[in-house]
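Here the sequence shown stands for residues 4 to 331, where the numbers follow my numbering.
What follows is one structure encoded as structure tokens, with my remarks underneath.
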Amino acid sequence: MKIFVIGLVLFFISVSGYGLTIYSYDSFISYGLSKKVIPLFERLIGEKVTVRTYGDAGSLLSRVILEKHKPKADIVFGIDQNLLPRALEKDVFVPYKPKNLKNIKNKELIFDNTYHIIPYDYGAIALVYDREKLKDPPKSFEDLLDSRWKKSLILQDPRTSSTGLAFLYWTIAVYNDEFSSYWKRLVPNILTITSGWDEAFQLFSNGEAPMMISYATDPAYSYENYKTLKYGAIIFREGGYIQIEGAGIVKGTKNRKNAERFIEFMLTPEFQREIPLTQWMFPVIDVDLPGSFKYAARVDKILTLSPQEIMKNQDKWLRKWEEIIVSK
4 MKIFVIGLVL FFISVSGYGL TIYSYDSFIS YGLSKKVIPL FERLIGEKVT VRTYGDAGSL
64 LSRVILEKHK PKADIVFGID QNLLPRALEK DVFVPYKPKN LKNIKNKELI FDNTYHIIPY
124 DYGAIALVYD REKLKDPPKS FEDLLDSRWK KSLILQDPRT SSTGLAFLYW TIAVYNDEFS
184 SYWKRLVPNI LTITSGWDEA FQLFSNGEAP MMISYATDPA YSYENYKTLK YGAIIFREGG
244 YIQIEGAGIV KGTKNRKNAE RFIEFMLTPE FQREIPLTQW MFPVIDVDLP GSFKYAARVD
304 KILTLSPQEI MKNQDKWLRK WEEIIVSK
């Protein structure tokens, strides 16, 4: 451990910097990853790091686009493969291929071959349910339409939430052009749609509804924090949709060197080993996982949409979704 830290100091000290400002989503602070990794990075560079949060990832990207001509952030932490097309279209990040990219053994996790966004974690979207309230949860998308689940589901808005957008894409990966028909049938079973994951989980954990869209690792969270399997997670029979999150360097940053240092640091074991018990996602490099992760739901069949398909259709898909939800 001491040898590694010394090596990092020697690596980072070669270029003087001017601090760093990171934009991220709320859970970067509320669930503790920033408290674990930011102090270490500050010691490594000998400078102050400022973290600002803006709701969920969709809101985060919107903020960066709004500030495009007068950027205030150096790093944006929380852009997934579903938001990548919009990020590239708006031209708010610069490419950087880190040396530590070699630490990612599964190259399928590198979702941006232009290196504007570099991955740091991944996980599967899942239907999460309260085991104390549901003994026989839905096992498929069609099961979720059953009338006994009326107003039993909490969702996130795909216009502002990366989790919500991933769920929308999951339905599209299953139903293709018929996804709008599925959503029309799903509407009666939706209790509410929140702007972000934090708000949705707060409602769910308070017992407002027995189901929400979240992540396959939620049972691991339940066991780690409560030593019970209060929450269960279902990957539907149709297959699972993987969300990969990444970070990028903001175009126009005045702290390019420190931004590059952070991207390198993000792909080290010291950073990555903090991800499971704070992000509740899987790290992108090989590190030991906590024992509780054996309770995470597994994906047998992976469903995906290509970045090209998303870029071509995203606006149309969101308009269709909006029409259905606004008219409900």
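Ideal Cβ placement from N, Cα and C applies to all residues, glycine included.
inquiry  = Taking the alpha-carbon of residue 201 as reference, which of 22, 23, 28 has the nearest alpha-carbon?
reply    = Reading the sequence shown from its first residue, position 198 is the one you call residue 201. Closest option to residue 201, Cα to Cα, is 28.
Identified DSSP bridge partners for residue 217
Looking up residue 217 in the sequence shown gives position 214. Note: residue 217 sits in a beta bridge opposite 129.
| query | Looking at the unbroken alpha helix (DSSP H) that takes in residue 185, where does it start and where does it end? | reply | For the purposes of this step, residue 185 is taken as residue 182 along the sequence shown, with counting starting at 1. Looking at the DSSP string, the run of the alpha helix (DSSP H) that includes residue 185 is 182-189.
- Task: Just the C-alpha distance for residue 221 and residue 70, rounded to the nearest angstrom, thanks.
- Result: For the purposes of this step, residue 221 is identified with residue 218 of the sequence shown, where counting begins at 1. For the purposes of this step, residue 70 is identified with residue 67 of the sequence shown, where counting begins at 1. Cα to Cα, the separation comes out at about 34 Å.
* Asked: Which value, in whole angstroms, describes the spacing of the CA atoms of residue 273 and residue 121?
  -> Position 270 of the sequence shown, counted from the first residue, corresponds to residue 273. Position 118 of the sequence shown, counted from the first residue, corresponds to residue 121. Cα to Cα, the separation comes out at about 17 Å.
- prompt: Taking C-beta to C-beta, are residue 246 and residue 299 nearer than 7 Å?
  reply: The residue given as residue 246 occupies position 243 in the sequence shown. The residue given as residue 299 occupies position 296 in the sequence shown. No.
Quiz item: Considering only the beta carbon of each residue, do residue 1 and residue 134 sit closer than 7 Å?
Solution: Residue numbering for the chain in the displayed model covers 4 to 331; residue 1 lies beyond these limits and cannot be assessed.
* Asked: Which parts of the region 206-260 are runs of the alpha helix (DSSP H), unbroken and 4 residues or longer, counting only runs that do not cross its ends?
  -> 221-229
- Item | For residue 44, the three-state DSSP class (helix, strand or coil) | Position 41 of the sequence shown holds residue 44. DSSP places residue 44 in helix when its eight states are reduced to three.
Checklist entry - Start and end of the beta strand (DSSP E) containing residue 66? => result Counted from its first residue, the sequence shown places residue 66 at position 63. Unbroken run through residue 66 is the alpha helix (DSSP H), 60-69; no beta strand (DSSP E).
| request: Have a look at 230, 104, 311, 211 and flag the residue whose alpha-carbon is nearest the alpha-carbon of residue 275. | output: In the sequence shown, residue 275 corresponds to position 272, counting from 1. Among 230, 104, 311, 211, the Cα nearest to that of residue 275 is on 104.
Hey, could you find the ends of the alpha helix (DSSP H) residue 167 is sitting in?
Translated into positions along the sequence shown, residue 167 becomes position 164. Its alpha helix (DSSP H) spans residues 165-178.
Item to complete: Find the nearest neighbour of residue 176 within the set 128, 226, 24, 329, judged by alpha-carbon distance.
Response: The residue given as residue 176 occupies position 173 in the sequence shown. The residue with the shortest Cα to Cα distance from residue 176 is 128.
Mark residue 126 as exposed unless 16 or more other C-beta atoms lie within 10 angstroms of its C-beta, in which case mark it buried. Taking the first residue of the sequence shown as position 1, residue 126 is located at position 123. That one is buried.
- Would you report the Cα separation of residue 312 and residue 49, rounded to the nearest angstrom? Locating residue 312 in the sequence shown gives position 309, counting from the first residue. Locating residue 49 in the sequence shown gives position 46, counting from the first residue. Rounded to whole angstroms, residue 312 to residue 49 spans 43 Å at the Cα level.
- Item | Other residues of its chain near residue 57: CB distance less than 6 Å, five sequence neighbours each side excluded | Within the sequence shown, the letter at position 54 stands for residue 57. The beta carbon of residue 57 sits closer than 6 Å to the beta carbons of 63, 66 from its chain, once the five residues preceding and following it are set aside; these are given in chain order.
| request: For residue 196, write down the residues that DSSP places opposite it in a beta bridge. | output: For this step, residue 196 is matched to residue 193 along the sequence shown. Bridge partners of residue 196: 158.
Can you tell which of 286, 254, 231, 192 has the C-alpha that lies nearest to the C-alpha of residue 248?
Taking the first residue of the sequence shown as 1, we reach residue 248 at position 245. Ranking 286, 254, 231, 192 by Cα distance to residue 248 puts 286 first.
Fill in: Among 212, 181, 182, the one whose alpha carbon lies nearest that of residue 196
Working through the sequence shown from its first residue, we reach residue 196 at position 193. The shortest Cα separation from residue 196 among 212, 181, 182 belongs to 212.
Short of 8 Å in beta carbon distance, which residues of its chain neighbour residue 108, apart from the five on each side in sequence? Order them along the chain. For the purposes of this step, residue 108 is taken as residue 105 along the sequence shown, with counting starting at 1. Closer than 8 Å at the Cβ level, and outside the excluded window around residue 108, lie 288, 289.
task = Mind reading off the beta-carbon distance from residue 34 to residue 79? Whole number of angstroms is fine, and I expect it under 8 Å.
result = Here residue 34 is taken as the residue at index 31 of the sequence shown, counted from 1. Here residue 79 is taken as the residue at index 76 of the sequence shown, counted from 1. With 8 Å as the limit, residue 34 and residue 79 do not qualify as a contact, their Cβ atoms being about 18 Å apart.
Which two residues bound the contiguous alpha helix (DSSP H) that contains residue 31?
Taking the first residue of the sequence shown as position 1, residue 31 is located at position 28. It spans 30-33 - the alpha helix (DSSP H) in which residue 31 sits, taken as one unbroken run.
Checklist entry - Measuring CA to CA, which of 74, 279, 194, 219 is closest to residue 232? => result Position 229 of the sequence shown holds residue 232. If we check each option's Cα against that of residue 232, 219 comes out closest.
Checklist line | Beta carbon of residue 124 nearer than 7 Å to that of residue 317 | finding: Counting from 1 along the sequence shown, the entry for residue 124 is found at position 121. Counting from 1 along the sequence shown, the entry for residue 317 is found at position 314. No, these two residues do not count as a Cβ contact at 7 Å.
Inset, instruction - Spell out the partners DSSP gives residue 302 in its beta bridges. - result: The sequence position of residue 302 within the sequence shown is 299, counting from 1. According to DSSP, residue 302 bridges with nothing at all.
### Message
Taking only three categories from DSSP, how would you classify residue 327?
### Response
Here the question's residue 327 lines up with position 324 in the sequence shown. DSSP places residue 327 in helix when its eight states are reduced to three.
Do you know how far the Cα of residue 262 is from the Cα of residue 324? For the purposes of this step, residue 324 is identified with residue 321 of the sequence shown, where counting begins at 1. For the purposes of this step, residue 262 is identified with residue 259 of the sequence shown, where counting begins at 1. Their backbone Cα atoms lie some 36 Å apart in a straight line.
Residue 140 and residue 147 - do their beta-carbons sit closer together than 7 Å? Taking the first residue of the sequence shown as 1, we reach residue 147 at position 144. Taking the first residue of the sequence shown as 1, we reach residue 140 at position 137. Cβ atoms of residue 147 and residue 140: not closer than 7 Å.
TODO: Determine the DSSP secondary structure at residue 144, reduced to helix, strand or coil.
DONE: Counting from 1 along the sequence shown, the entry for residue 144 is found at position 141. It is coil, neither helix nor strand.
Practice prompt. Compare the Cα-Cα distances from residue 326 to each of 270, 204, 183 and report the closest residue.
Written response: What you label residue 326 is simply residue 323 of the sequence shown in a count that begins at 1. Selected option, being the one with the closest Cα: 183.
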